[in-house]
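For the record, in the sequence shown the residue sitting at position 203 is 203 according to the numbering used here, with numbers rising by one throughout. In this text, a Cβ means the ideal position worked out from N, Cα and C, and glycines have one as well.
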Amino acid sequence: MEPVCPIDARCSHQVAILLSPPSPVQSQKYYEELIASREYSGLEVRINGEHGKGVYSNKEFDEGDLVLKDPMLFGIQHSSNKMDCLVCSYCFQFIGSVELQIGRKLYLRNLANLSQTHSGKPEPWNDQCEVSRHQDTSDVGEDDRDHCSSSNGKSSSNYLPQDVIDSVMNGGLQLPYASAFQLPSVVSCPGGCKESYYCSKLCAEADWSSYHSLLCTGKGSDSLSTKALSKFIQHANETNDIFLLAAKVIAFTILRYRKAKAARFEEKLHNNFSHLVEAWEPVSMGHKQRWWDCISLPEDVDCHDEAAFRLQLKELAFTSLQLLKAAIFDEECEPLFSLEIYGHIIGMFELNNLDLVVESPVENYFLYIDELPHAEREEAQQVTQPFLDALGDDYSNCCEGTAFFPLQSCTNHSCNPNAKAFKREEDKDGEATLLALKPILKGQEDSHTSRGADIEMGFTRSSSDLAMEAFNKQYQEIEKQVDKLSELLRKLKDVNEESKSVTKASAMKAIRKRMEKDVDEVGKIARGVKAKLEALNKDNLANRQKRGCEKGSGVDRSRNTMTYALTKKFKDLMKDFQTLRQRIDDEYREVVERRVITVTGTRPDEETINHLIETGTGEQIFQKAIQEMGRGQVLNTLEEIQERHDAVKEIERKLLDLQQIYMDMAVLVEAQGELLDNIENQVNIAVVHVHDGTNTLQNAKKLQKNSRKWMCIAIIILLFIVAIIVVGVIQPWKNKGA
């Protein structure tokens, strides 16, 4: 049943106003003020009816020049990425220290391994997985590499003692040359939650005043219910973390509304909606559609199921909205909690978002160690190599998330772009960075007559994107073959129905040839599909070694889910062929019985039917009928029975070959089902471990403060003792007496 949100009907007029596109004059004014406030040089946004919005240059850029650095309006770090990277929740630069980043990642991984052990599903560890990343692994078997890739990063920290991990995380152990990679200190959330940390008080205060005061789960939160808020966050983590980004938009608008209302306190209450429209202005500039309408239909969803798929998305959004409403609802901002508004906000991200990526200092640190002179490198690696081996391929994981950038979202996309999104070494935070791919000329005044100076981006292609593109191509090829099998199954069923009414041997012979041809093609295609599905399953394991495609990542889950669905579809199809085989066999028995009754006029016993089915011959059975009806007419029936017998036996033999394929696919489907369950379980466990890890970080911070305090006390006591000794040696009172 389609969800109904009462706020949509109650606030339909206000919702329509909020969702109406701003006029060109309003848009132009907004972007001019935005560019002026951010002190951009050489850019302007132009609005026109033919091409919509576009970012234009009003100066020339050479190839490689920085065109734009655009701070995000809304952004989040992916929930699954929080185990790997501790970053500022406002600007998304890495915080703490290289040691803290490494120790925290290994600590959280150990928690995950411990949880798996307690749940009775520990991941096995193979010594071959300890191969150094510098060592040639060509002599390692494919199966061993697959095993390493599946367990790498999860169990690799087992061979580092826990006290070493604790020491490096708590600051007791300093890694060589790590001081060359200074990171901002960790600043806690003003509301006391364990979810958000910052690089400075400035970022903490900015996040608090813009979004986080309503979305904080700590004691100082301004939300209606931190318990309800926790339920909303949990639901988003388990379904789609884009809901967290949508919550930021609503919190942002509510807080802007309250500030606007406070600034105009003397105005009457009936003007409240005008304050809400003003607060909504930055969001109104983004192009929007309903999420469940604009999202592309996944390839594994049949076009006939499209309506049901989009309804599921709408129901999911409605559930999320109800949870958010219980946590931060503001009656004066009621239109923001309509399903129409919520769906359009999520749709805005679907249409305009850009990946949020920040390079990891941990990766740069280990690369720095590799590039040291030989003697220094050998000495440093005595300390760093165990940590690098423990991290495995995960050492290079960057901060990943999704964000909406107000100016970048105005750029047009092109197959021949003149700018690209690219992070340089000096870009340490989450701002969008656009570089010129080729010289960009100064724009002309009339944007209708020339688009040569329009800043146009290409579609960025990450390794994970390329991995999914190759996978989708393989998937589509296999799916086409499976569809062919479905069509052949339908044809065989139709021909089988046709054969029931055939009474002549010649007609039965023609049908037999058609069926045998189709069954031969079925066997050929089925064996090919089986081989391709097994290869695709192996590719899924090997793909985890690529950056952005690690076990449990979105790409990994998508590949495994789609492979599982296609394998199950193929398995069910093989079962349908076995059902058809049994059906043909059963119906053959009925046809033979009817033929005997027709010719002899008596119902045959089981022994007679079994003899005819097994041999296909039965002239002796029809001796009486031959004498009464004539040999020619009876022999026609015998020939038809013989032809039918040969056809059934041949088809049965060939369809039986598919039985083994069905059994192999059943085993594969069961294994993939367990894998998917395990991946989903790990994602949920990761969220729990991040909570545990943040608590431990708080304790570590307190421990550091206590250590410094006692060190200061010890130094003061030592200085006092030294002063006493010095005074005792000098004895100034004797000098006075002299």
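- Item | Buried versus exposed call for residue 490 [16 or more other C-beta atoms within 10 Å across all chains shown] | Label assigned to residue 490: exposed.
- State the start and end residues of the unbroken alpha helix (DSSP H) segment that holds residue 70. Careful: residue 70 lies outside any alpha helix (DSSP H), inside the beta strand (DSSP E) at 66-70.
- Considering only residues of the same chain and omitting the five flanking positions on each side of residue 294, which have a CB-CB separation below 8 Å? Closer than 8 Å at the Cβ level, and outside the excluded window around residue 294, lie 347, 350 and 351.
- Message: Output needed for residue 559: all residues of its chain with C-beta closer than 7 Å, excluding positions within five of it in sequence on either side, in chain order.
- Response: Within its own chain, the residues whose Cβ lies closer than 7 Å to the Cβ of residue 559, once the five positions on either side in sequence are excluded, are 471, 540 and 543, listed in chain order.
- Those runs of the beta strand (DSSP E) which lie wholly inside the region 350-387 and span at least 3 residues: Counting only runs of 3 or more, we get 354-358.
- Message: Per DSSP, what are the beta-bridge partners of residue 47 in this structure?
- Response: Note: residue 47 sits in a beta bridge opposite 53.
- Report yes or no: do three or more beta-carbon pairs, one from the region 224-243 and one from the region 315-325, lie closer than 8 Å? The region 224-243 makes contact with the region 315-325, as at least three CB pairs between them are under 8 Å.
- With which residues is residue 198 paired in a DSSP beta bridge? DSSP lists 187 as the beta-bridge partner residues of residue 198.
- Could you check the C-alpha separation between residue 13 and residue 234 for me, to the nearest Å? About 33 Å.
- Item | For residue 216, three-class secondary structure by DSSP | Coil, per DSSP.
- Message: Using the three-state DSSP reduction, which class does residue 93 fall into: helix, strand or coil?
- Response: It is coil, neither helix nor strand.
- Message: Please list the terminal residues of the continuous alpha helix (DSSP H) segment that includes residue 402.
- Response: Premise fails: residue 402 lies in the beta strand (DSSP E), 399-404, not in any alpha helix (DSSP H).
- Query: Alpha carbon to alpha carbon, how far is residue 8 from residue 340?
  - Reply: Each residue's alpha carbon lies about 7 Å from the other.
- Query: Does DSSP classify residue 545 as helix, strand or coil?
  - Reply: Looking at residue 545 - three-state DSSP - the assignment turns out to be coil, as it is neither helix nor strand.
- What separation, rounded to the nearest whole angstrom, lies between the Cα atoms of residue 188 and residue 344? Roughly 33 Å separates the two Cα atoms.
- Considering only C-alpha positions, which residue in the set 225, 387, 48 and 216 is nearest to residue 363? Nearest to residue 363 by C-alpha distance, out of 225, 387, 48 and 216, is 387.
- Do you know how far the Cα of residue 715 is from the Cα of residue 724? Per the coordinates, the alpha-carbon of residue 724 lies some 14 Å from the alpha-carbon of residue 715.
- Given residue 403, which residues of its chain have a CB within under 7 Å of its CB, disregarding the five upstream and five downstream residues? In its chain, beyond the 5 residues on either side, 72, 74, 75, 353, 354, 356 and 430 have a beta carbon closer than 7 Å to the beta carbon of residue 403.
- Pick from 254, 299, 324 and 307: whose alpha carbon is nearest that of residue 229? Closest by alpha carbon: 324.
- C-alpha gap between residue 292 and residue 435, whole angstroms: Here the alpha carbons of residue 435 and residue 292 stand approximately 34 Å from one another.
- Task: Count the CB pairs spanning the region 58-68 and the region 76-95 that are closer than 8 Å, and state whether there are at least three.
- Result: Contact between the region 58-68 and the region 76-95 is absent, because fewer than three Cβ pairs lie under 8 Å.
- Item | Assumed close pair residue 741, residue 176 - CB separation to whole angstroms, cut-off 8 Å | Not covered by the structure: residue 741. The range shown for the chain is 1 to 738.
- Helix, strand or coil: how does DSSP classify residue 420 here? Taken through DSSP and simplified to helix, strand or coil, residue 420 comes out as strand.
- Task: Just list the beta strand (DSSP E) runs in the region 225-284, keeping only unbroken ones of 3 residues or longer that don't cross its boundaries, in chain order.
- Result: For the region 225-284, not a single whole beta strand (DSSP E) run of length 3 or above is found.
- Message: Excluding the 5 residues flanking residue 6 on each side, which residues of the same chain have their C-beta closer than 8 Å to its C-beta?
- Response: Closer than 8 Å at the Cβ level, and outside the excluded window around residue 6, lies no residue.
- Query: Can residue 566 and residue 487 be called in contact, C-beta distance under 8 Å?
  - Reply: One thing to note: residue 566 has its Cβ no nearer than 8 Å to the Cβ of residue 487.
- Item | Start-to-end residues for the alpha helix (DSSP H) that takes in residue 76 | Residue 76 -> not in any alpha helix (DSSP H); beta strand (DSSP E) instead, spanning 74-77.
- Task: Would you list the one or two residues that DSSP bridges to residue 436?
- Result: Paired residues: 419.
- If you pair each beta-carbon of the region 388-395 with each one of the region 32-49, do three or more pairs fall below 8 Å? Not touching, per the Cβ criterion.
- Any idea which residues DSSP pairs residue 181 with across the strands? According to DSSP, which records beta bridges pairwise, residue 181 is partnered with nothing at all.
- Message: For residue 481 and residue 529, which I take to be in contact (beta-carbon distance under 8 Å), what is that distance rounded to the nearest angstrom?
- Response: Residue 481 to residue 529, Cβ: 5 Å. Contact.
- Message: If you measure between the beta carbons of residue 45 and residue 410, is that distance less than 8 Å?
- Response: It is a contact, given that the beta carbons lie within the stated cut-off.
- Burial state of residue 280 (16 or more Cβ within 10 Å): Buried is the call here.
- Give a yes or no on whether the C-beta atoms belonging to residue 398 and residue 77 are separated by under 8 Å. Taking 8 Å as the Cβ cut-off, residue 398 and residue 77 do not qualify as a contacting pair.
- Which residues bound the alpha helix (DSSP H) around residue 291? Where residue 291 is concerned, the enclosing alpha helix (DSSP H) stretches over 291-294.
- Message: For residue 19 and residue 288, which I take to be in contact (beta-carbon distance under 8 Å), what is that distance rounded to the nearest angstrom?
- Response: The distance from the Cβ of residue 19 to that of residue 288 is about 7 Å, consistent with a contact at the 8 Å cut-off.
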